Amino acid sequence: GAGVSQSPRYKVAKRGQDVALRCDPISGHVSLFWYQQALGQGPEFLTYFQNEAQLDKSGLPSDRFFAERPEGSVSTLKIQRTQQEDSAVYLCASSSPLDPRPNEQYFGPGTRLTVT
Amino acid sequence: KQEVTQIPAALSVPEGENLVLNCSFTDSAIYNLQWFRQDPGKGLTSLLLIQSSQREQTSGRLNASLDKSSGRSTLYIAASQPGDSATYLCAVPSNSNSGYALNFGKGTSLLVTP
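Residue numbers (the numbering used here), protein chains in the order written: chain A, 6 to 121; chain B, -12 to 101.
In structure tokens, the structure reads:
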């Protein structure tokens, strides 16, 4: 497909488990973003990649959160030793300055993480 | 840090009414402003994007305006329909150092009743 895809769509983890969330951006989009959306809230920025370089990780809530994009396309958000407060929807978005509307972000469907 | 506020938090209207959703932001030096729609359990769908040099954008029954100097944007929905029921989010980018990462409001939850 032509859009941003994310997997899995739903993930249930027991407290203390590690999880890995995957994002496939739109082909050719150099910018990739991760956001966290708690129930009833707007999305909150976590981290930003330009190609394979992680240029901003100021939104990551703790050192248990780690993101990578080793080849500048697919990205993985990893959460170690999950806690109940990590329960949220994790959204991925991509953009390109070369798009007709430069830097407009396109979002995936999200991964709903529930930590029990 | 850019703060984005949306009013009202929730809105219920009968079908056919025209309605206005409000968004305000604290730093007027913005690159653009986006309005998104989010259906329950779904991702975000971009509705309208207004560049900083523009005053408004229109798409079908939707019209978004931007007043940078006052830090406000409004989303006008004409002749509302039950299918318009969703959460509407306003977002403003941070600076280019973060790739224009978006700062979101908490959203307005809209219910249009038949």
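All C-beta atoms in this analysis are idealised placements derived from N, C-alpha and C, irrespective of residue type, glycine included.
Predicted, not measured: the structure shown is a model, and the values here were computed from it.
For residue i and chain B, any beta-carbon pair shorter than 8 angstroms?
i      : result
A:F71  : no
A:G47  : yes
A:G113 : yes
A:L44  : no
A:N56  : no
A:E90  : no
Assuming contact is defined by CB atoms lying nearer than 8 angstroms, are residue i and residue j in contact in what I supplied?
i        : j       : result
B:S72    : B:L97   : yes
A:G77    : A:E49   : no
B:G92    : B:T(-8) : yes
A:Y53    : A:F71   : no
A:Q41    : A:L51   : yes
B:Q(-11) : B:V79   : yes
B:N5     : B:A66   : yes
Does residue i have its Cβ less than 8 angstroms from a Cβ in chain A?
i      : result
B:A66  : no
B:N82  : no
B:S52  : no
B:K155 : Chain B is shown only over -12 to 101; residue 155 of chain B falls outside these bounds and no answer can be derived.
B:A88  : yes
B:F91  : yes
B:G94  : yes
B:S33  : yes
B:L62  : no
When you compare each of the options to residue i by their alpha carbons, which one comes out closest?
i     : options                           : result
A:G45 : B:S46, B:S83 and B:Y75            : B:Y75
B:I64 : B:T45, B:V79 and B:A78            : B:T45
B:D26 : B:S83, B:P69, B:Q(-11) and B:P101 : B:P69
B:S40 : B:P(-5), B:G28 and B:S56          : B:S56
A:Q55 : A:A98, A:G8 and A:A7              : A:A98
A:K19 : A:Q88, A:G115 and A:L103          : A:Q88
A:R69 : A:V17, A:K16, A:G21 and A:V9      : A:G21
B:L89 : B:E4, B:S11 and B:Q21             : B:Q21
A:T81 : A:S101, A:D23 and A:V120          : A:D23
Are any of the Cβ atoms in chain D nearer than 8 angstroms to that of residue i?
i     : result
A:S36 : Absent here is chain D; the protein component of the structure consists of chains A and B.
From the DSSP output, in three-state form, read off residue i for me.
i     : result
B:N84 : helix
B:D26 : coil
A:E90 : helix
B:P69 : helix
B:T13 : coil
Practice prompt. Closer than 7 angstroms, Cβ to Cβ, to anything on chain B: give me those residues from the segment 94 to 105 of chain A, in chain order.
Written response: For the segment 94 to 105 of chain A, which is checked against every Cβ of chain B, the residues closer than 7 angstroms are L96.
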